[in-house]
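Per this note's numbering, the sequence shown runs over residues 1 to 159.
Virtual Cβ for every residue (Gly too), placed ideally from N, Cα, C.
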Amino acid sequence: LEKAVTPTVAKVEIDKKVNSQRLKARERLRKDSAVYSRDQLWEIERLYQFANRKWQSQDGNDSLKQLIEKYDKANRTGCALLYLGQMSKGKEREDYLLKAIKDFNDCYYGNGVQVGAYARFYLAYYYKKKAEELFKEIKNKYPDAINHRGKLLSDLINK
1 LEKAVTPTVA
11 KVEIDKKVNS
21 QRLKARERLR
31 KDSAVYSRDQ
41 LWEIERLYQF
51 ANRKWQSQDG
61 NDSLKQLIEK
71 YDKANRTGCA
81 LLYLGQMSKG
91 KEREDYLLKA
101 IKDFNDCYYG
111 NGVQVGAYAR
121 FYLAYYYKKK
131 AEELFKEIKN
141 KYPDAINHRG
151 KLLSDLINK
């Protein structure tokens with residue numbers, strides 16, 4: 001019986017967490033109505049949805065940048081920064097993700113995805129990739145390099 005019920009119990013727990021995140025998203029979205037007029041909220045959503053339809057196009061990027069510039073306190077601005085972070089490369093990616101974390105941590109997509117947490121997730125993978133590149137470079141270019149205790153760096157990488 002326990003074996004049969006465990007997946008159901010786990011699903012119920014996950015569903016509770018998802019619903020909780022979605023409630024937080026709705027609460028955060030409501031905060032924008034205290035800062036922006038109905039017309040401004042409409043424009044914020046228009047700029048955001050235009051970029052959604054024109055994903056990874058110059059027009060879409062320009063729409064996100066306009067949203068960020070004009071509405072620096074909006075929930076969707078945090079989403080826009082995260083989108084730009086996902087679409088960008090290198091230092092630009094890191095900068096967008098760090099700004100999303102620093103200034104828009106409490107923002108949410110409508111489906112309950114928290115901007116700050118998701119930006120950290122993308123940033124961690126960005127740093128992981130950079131770390132792997134550096135480790136590979138150490139192994140290939142500096143195979144005899146040591147640390148202060150005389151241990152080979154290439155051996156320490158494998159641990």
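Under the three-state reduction of DSSP, which class applies to residue i: helix, strand or coil?
i      : result
Gln56  : coil
Tyr108 : strand
Run the CB neighbour count on residue i, radius 10 Å, all protein chains shown included, and call it buried at 16 or more, exposed below.
i      : result
Val35  : exposed
Asn147 : exposed
Val5   : exposed
Asp15  : exposed
Arg76  : buried
Val18  : exposed
What residue range is occupied by the uninterrupted alpha helix (DSSP H) comprising residue i?
i      : result
Pro143 : No alpha helix (DSSP H) contains Pro143, which DSSP labels as neither H nor E.
Arg22  : 2-35
Arg154 : What sits at residue 154 in the sequence shown is Ser, not Arg. First-last of the alpha helix (DSSP H) with Ser154: 153-157.
Ala74  : Run containing Ala74: none; DSSP gives neither H nor E here.
Assuming residue i and residue j are in contact, meaning their beta carbons sit under 8 Å apart, how far apart are those beta carbons, in whole angstroms?
i      : j     : result
Gly164 : Ala25 : This structure cannot settle anything about residue 164, because the visible part of the chain is limited to 1 through 159.
Tyr71  : Ile44 : 5 Å
Ala51  : Ile68 : Not a contact, Cβ separation roughly 11 Å.
Ala119 : Gly85 : 6 Å
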